[in-house]
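Structure, as structure tokens:
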Amino acid sequence: MGFLDKLTGTRRPAPGTPRSTPEEVLAALIAVGGPDDPYRVFEGGRGDADLTAEWRLDEPRWSTVFEQRDVHRLVQITMRIDSEAGEVRSLDRAVTVTWSAGVAQLSFTKEFKRGQINEMSFRGELSPAGYERTWSFSTEELKEPLRRTALDHGWGWKGVTFGRL
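Going by this note's numbering, the sequence shown opens with residue 9, and the numbers climb by one from there.
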């Protein structure tokens, strides 16, 4: 794995891993976002996307969690199944979240954030025992299950930074 692969989050499946059909990997990726997960994966999306993964901000169960944790930036991941290359191509977009009376309003950042976005937020409190982390949030919580699913099905994961999805 080269420097650029490491930078973009590109991974290859383990040698000898049998490759599933495009339909099977598509179904497996959609299944990643189950009803108990704070994110969902669905077919379609912007441009050439076959799939989109996003946080469940419109569901009361999850919007409360995000609002209480004062989350203001999230990532939306679009994916395309590239059958010729045997890889799932992914592209991230930053989304700004504004909270109003418990309802999330999304807007896309004015600064151009596109490519591979890796962010982590956390909040802590100073207690008599010292600093304690009370919660954390990372884009990898969304990205890693998708990447692992593609690799387990014999498909590579290609993080796109420049060019088309």
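Here a beta-carbon is modelled for each residue, glycine too, at the ideal position from N, C-alpha and C.
Values in this document were obtained by computation on a predicted structure and should not be read as measured data.
Confirm, please, whether the CB-CB distance from Lys151 to Ile89 is below 8 Å. no
Do you know offhand how far Pro23's Cα is from Ala158's? 14 Å
The alpha helix (DSSP H) with Trp165 in it runs from where to where? Careful: Trp165 lies outside any alpha helix (DSSP H), inside the beta strand (DSSP E) at Gly164 to Gly167.
What residue range is occupied by the uninterrupted beta strand (DSSP E) comprising Glu67? Unbroken run through Glu67: none, as it is neither H nor E.
What residue range does the alpha helix (DSSP H) around Val33 cover? Pro30 to Val40
Measuring alpha carbon to alpha carbon, tell me which of Pro30, Thr169 and Thr29 ends up nearest Asp100. Thr169
First through last residue of the alpha helix (DSSP H) which encompasses Asp13: Phe11 to Thr16
In the DSSP assignment, find the unbroken beta strand (DSSP E) run with Glu5 in it and report its ends. As shown, the chain starts at 9 and ends at 173. That puts residue 5 outside it, with no answer to give.
Between the alpha carbons of Arg172 and Asp44, how many angstroms are there, rounded? 32 Å
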